[in-house]
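> Have a look at the structure that comes next, please.
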Amino acid sequence: MLNTYYNAGDGAAGYMEWPQSWYWNQQTNEITRCYLFGNTAYSNSGSRPDLQKRSTAGHEMGHCLGIDHSDVSNALMRTGRNREVIFSPWQDDVNAINAKYGVP
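Going left to right, the sequence shown walks through residues 24 to 127 as our numbering numbers them.
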């Protein structure tokens, strides 16, 4: 069983998947293990591929942590963000983590 969050063939910069059904805890509704994959054909483009890869990895890690996409323009979890400018969590991303797991 292969559960894919994004289809790498759809032009996405990356995607997250959990390759076996036992990596999903149905009792707690949580991902217990996930894998990140980058689409190098996409993330090697632009003037700063290093930042694009970092942005994509951070975004997909957010999905591993259970965070959905954001509509906030400067959020790491926004799908249409500028990957050469937004490559680390911003306040909206921190708020989403705090809402899910509590404030430390």
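We put the CB at the ideal spot given by N, CA and C, even for glycine.
These numbers come from a predicted model, not from an experiment.
Taking DSSP as the reference, what is the three-state secondary structure of ASN105?
DSSP places ASN105 in coil when its eight states are reduced to three.
> For the beta strand (DSSP E) holding GLY61, just list the boundary residues, first then last.
GLY61 -> beta strand (DSSP E) spans 58-61.
> Can you tell which of VAL108, GLU107 and HIS82 has the C-alpha that lies nearest to the C-alpha of ILE120?
With distances taken between Cα atoms, ILE120 lies closest to HIS82.
> Would you identify the three-state DSSP class for ILE120, choosing helix, strand or coil?
The answer is helix: DSSP assigns ILE120 an H, G or I state.
> Comparing alpha-carbon positions, which option in ALA80, ASP73, SER70 and ASN48 lies nearest TYR58?
For TYR58, the nearest C-alpha among the options comes from ALA80.
> With respect to the alpha helix (DSSP H) encompassing ALA98, which residues constitute its N-terminal and C-terminal limits?
Careful: ALA98 lies outside any alpha helix (DSSP H) and carries neither H nor E.
> Ordered along the chain, which non-local residues of its own chain (more than five positions away) have a Cβ less than 8 Å from that of GLY69?
Same-chain partners within the cutoff: GLN75, ARG106 and GLU107.
> Where does PRO127 land, buried or exposed, given buried means 16+ other C-beta within 10 angstroms?
When all chains shown are included, PRO127 counts as exposed.
> From ASN118 to ILE109, what distance separates their C-alpha atoms?
Straight-line Cα distance between these residues: approximately 16 Å.
> Between the C-alpha atoms of GLY85 and ARG77, what's the straight-line distance to the nearest angstrom?
Going by the C-alpha atoms only, they are around 12 Å apart.
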